[in-house]
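Here is the structure we will look at, set down as structure tokens.
Structure representation (structure tokens):
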């Protein structure tokens, strides 16, 4: 009976570890707000785009990319490199030109090392007088505006396999120790 109790205790501890501690391992940085807001309409173009995430973002030159694409789908309107302050990424924006839908693609590196990519959209209701960034200041669309779908994290099956191995080892250990103590 003592062996059975130890096995059940080991199983309970392993299940608690899997269920209670796993959400922290699977949590990835997410965009919580932006200025301008996603799907909003503005009368005048913003001077900066601000992206606020739920966790800190790594800073550094070339680590994070933000691309502002105009209504024609090719002209870019960002005015420089992205800067980071804690969980907020900011990029300067040139004076916008034609009215229409603008896309802000981003690819950031979370403090935990996971890349996160996404996009927000806003509509410029009234045309401005700006001109797009010259070709030498544009970024490749693949770095920010498109997400590959791979967040760079460890696949779920690896976590499940690891949990099964740990659970098996815990049960084996509990039975082995319990069996020796009963004799």
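Residue numbers (this note's numbering): 6 to 188. Every residue gets a Cβ at the ideal spot worked out from N, C-alpha and C, and that includes glycine.
I'd like the list of long-range same chain contacts for residue i, defined as Cβ closer than 7 angstroms, with 5 residues on each side in sequence excluded.
i           : result
residue 143 : 81
residue 121 : 33, 34, 113, 115 and 156
residue 197 : Any question about residue 197 goes unanswered here, given that the chain covers just 6 to 188.
Who are the Cβ neighbours of residue i in its own chain at under 8 angstroms, not counting the five residues just before and after it?
i          : result
residue 66 : 86
residue 47 : 41, 127, 128, 129 and 130
residue 53 : 40, 95, 96, 97 and 98
Verify whether the separation of the beta carbon atoms of residue i and residue j is less than 7 angstroms.
i           : j           : result
residue 56  : residue 39  : yes
residue 68  : residue 96  : no
residue 78  : residue 129 : no
residue 135 : residue 101 : yes
residue 125 : residue 59  : no
residue 92  : residue 61  : yes
Kindly give me the distance between the Cβ atoms of residue i and residue j, rounded to whole angstroms, as I take these residues to be in contact under 8 angstroms.
i           : j           : result
residue 127 : residue 111 : With a Cβ gap of about 13 angstroms, residue 127 and residue 111 do not count as contacting.
residue 99  : residue 138 : 6 angstroms
Identify the residues that DSSP records as bridge partners of residue i: which are they?
i           : result
residue 127 : 45 and 107
residue 168 : For residue 168, which the question treats as bridged, DSSP gives no partner whatsoever.
residue 81  : 74
residue 36  : 58
Going by Cα to Cα distance, which pick from the options is closest to residue i?
i           : options              : result
residue 94  : 182, 10, 37 and 171  : 37
residue 105 : 123, 117, 73 and 165 : 73
Tell me which residues share the same chain as residue i and place their Cβ nearer than 6 angstroms to its Cβ, disregarding the 5 neighbours each side in the sequence.
i          : result
residue 88 : 95
residue 84 : 97, 98 and 99
So does residue i have its beta carbon nearer than 6 angstroms to some heavy atom of the ligand ATP?
i          : result
residue 92 : Among the ligands in the structure shown, none appear at all, so the ligand ATP cannot be discussed.
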